[in-house]
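Structure first, then comments.
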Amino acid sequence: MDDPGLDIIFEPFERSSSGRWLKGGKTSPFAFRTIFSNLNLDLEDLDNRTKKREPGTFHEYQTLANPVKAWIEKSFSVKKRKEDFSGISLPQSAASFYYGWSPVMEVSESCESTEQLNVYLKSKREDVNAGVPGRFLHVVIGKDVSDIGSVVSTIMYAFYLNETHKYDEFCTVPVINMKRTDLNSHSELKWLLDSCQIDTSSLIFVDEIDLSYYELFGSLKVVLLNSSKLPAKQEQALKEAVVEIFNCNKDESIYPWVENITIQQGCSCCTLIAEKFAQISPEILAGKGFSRLLLAGILLDSGNLTSPNCTSKDKYMATLLINGAGRFGCNGFYQLLKFKMYNVSNHGVIDLVLKDFKKWTKGGD
1 MDDPGLDIIF EPFERSSSGR WLKGGKTSPF AFRTIFSNLN LDLEDLDNRT KKREPGTFHE
61 YQTLANPVKA WIEKSFSVKK RKEDFSGISL PQSAASFYYG WSPVMEVSES CESTEQLNVY
121 LKSKREDVNA GVPGRFLHVV IGKDVSDIGS VVSTIMYAFY LNETHKYDEF CTVPVINMKR
181 TDLNSHSELK WLLDSCQIDT SSLIFVDEID LSYYELFGSL KVVLLNSSKL PAKQEQALKE
241 AVVEIFNCNK DESIYPWVEN ITIQQGCSCC TLIAEKFAQI SPEILAGKGF SRLLLAGILL
301 DSGNLTSPNC TSKDKYMATL LINGAGRFGC NGFYQLLKFK MYNVSNHGVI DLVLKDFKKW
361 TKGGD
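Count the sequence shown with full-length UniProt numbering and you get residues 1 to 365, in order.
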């Protein structure tokens, strides 16, 4: 082959009646082209070790009856499509010297913290599908907006409560306060979840669960994020179930029976949640996908840390989560998020109409 890289040659083997593998006769070998990986594998050392175990008279290989370690193969597909990235102003980076200026963000490698989050989301989805028998439905819900900060903080705070409050009588779940179909019109949010390998099928959207049903039977507990008041269309049915308000302005709570209130400190809600994780389990923030979710919320809420409302705590937590930004750093990651937010080239006509209609109705309110 013309490829200067490594060629892996596969030769035929036959199995004898004793269970051993014997090298077969002459057959035209075939080869795969080189596949570059992020894993460093010393093939020379592997070949030398194989030769040492090779008998001198004939090639014989003993199969292992009890393999020491099982191999798990993961696969996913990536659709490549041509997009015009000329409008993105990316910062200089050392990585661009080696890998070029393509701003296509790589899918972050699977990390333990992201896998743990996915296991949690899947198990709670199964609990809700089963009706949460014999337990309170402990719902974390934010404002009825579809921005990244609101969605990420809802998911992450529910996960935090589940990990720190081990109450068997509570089933703590995040409920995204938007319809699932609306996710298609928010390409920046969909891209972020996909790049962090979050299983969106395990997420629960507000149109997929009847919260008023649980409130009717007195089994609903609501944690309200980023607001002192439920949205108008949900307040009448759910306000009596509110037990906690997280990140609201001082003296704004209109629910006097709520005792657990976290007052807003001027910073992003994702900053406060990241701070909580840093205090109880800082190693969980080392995962690239996990830190990317929180970092995206902080950067968008604070205008890339340049907003007048940006606090020193926002900047500190963004620095702590910088691993999630990838090779272009915080500035490049922010520019990519903004590009995805305003790029409508992949939207259908219905998605565009719905997106514009929601902007118009919210502006009218």
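All residues carry an ideal CB built from backbone N, CA and C; glycine is no exception.
Sixteen is the threshold: when 16 or more other Cβ atoms of the shown chains lie within 10 Å of the Cβ of residue 324, as they do, the residue is buried. Under the three-state reduction of DSSP output, residue 198 falls in the coil class, being neither helix nor strand. Nearest to residue 184 by C-alpha distance, out of 122, 114, 146, 173, is 146. Between the alpha carbons of residue 307 and residue 298 lies a distance of about 11 Å. DSSP links residue 244 through a beta bridge to 223, 260.
The straight-line gap separating the alpha-carbon atoms of residue 295 and residue 330 is approximately 8 Å.
Taking a contact as a CB-CB distance under 8 Å, the pair residue 225 and residue 269 counts as one, their CB atoms being some 6 Å apart. Here the alpha carbon of residue 341 sits roughly 28 Å from the alpha carbon of residue 249. Residue 173 carries a strand assignment under DSSP once its states are collapsed to helix, strand and coil. Residue 193 holds the alpha-carbon nearest to the alpha-carbon of residue 288 among 172, 193, 158. Bridge pairing for residue 204: 175 [DSSP]. Secondary-structure assignment with DSSP links residue 136 through a beta bridge to 170.
Shown here, residue 298 sits in a helix according to DSSP, grouped into three states. When DSSP states are grouped into helix, strand and coil, residue 155 belongs to the helix group.
Distances from the CA of residue 304 to each of 320, 334, 327 were compared; the closest alpha carbon is that of 334. With 16 or more other Cβ atoms inside 10 Å of its own Cβ, residue 214 counts as buried. In the structure shown, the three-state DSSP call for residue 141 is strand. Counting C-beta pairs closer than 8 Å gives fewer than three between the stretch 227-239 and the stretch 121-135, which falls short of the contact rule. Runs of the alpha helix (DSSP H) lying entirely within the stretch 275-345 and spanning at least 4 residues, in chain order: 288-301, 312-320, 329-342. DSSP places residue 130 in no alpha helix (DSSP H); its state is neither H nor E. Excluding residues up to 5 positions away in sequence, nothing lies with its Cβ nearer than 7 Å to the Cβ of residue 201 in the same chain. Two segments are said to touch when three or more pairs of C-beta atoms, one from each, lie closer than 8 Å; by this definition the stretch 130-150 does not touch the stretch 311-324. Residue 167 counts as exposed, since fewer than 16 other C-beta atoms from the protein chains shown sit within 10 angstroms of its C-beta. One thing to note: residue 221 has its Cβ no nearer than 8 Å to the Cβ of residue 277. Going by DSSP, residue 239 is part of no alpha helix (DSSP H) at all; its letter is neither H nor E. In the structure shown, residue 230 adopts coil according to DSSP, grouped into three states. Around the Cβ of residue 159, a 10 Å sphere holds 16 or more other Cβ atoms; the residue is buried. Residue 223 has its alpha-carbon roughly 23 Å from the corresponding atom of residue 182.
The beta-carbon distance between residue 271 and residue 196, rounded to whole angstroms, is 18 Å. This is too long to meet the 8 Å contact definition. Assignment of residue 111 by DSSP, reduced to helix, strand and coil, places it in the coil class.
Taking a 10 Å sphere around the C-beta of residue 326, we find 16 or more other C-beta atoms and assign the residue as buried. For residue 120, the three-state secondary structure derived from DSSP is helix.
Going by DSSP, residue 215 is part of the alpha helix (DSSP H) stretching over 211-216.
The C-alpha of residue 174 is placed about 5 Å away from the C-alpha of residue 155.
Residue 320 places its beta carbon less than 8 Å from that of residue 285.
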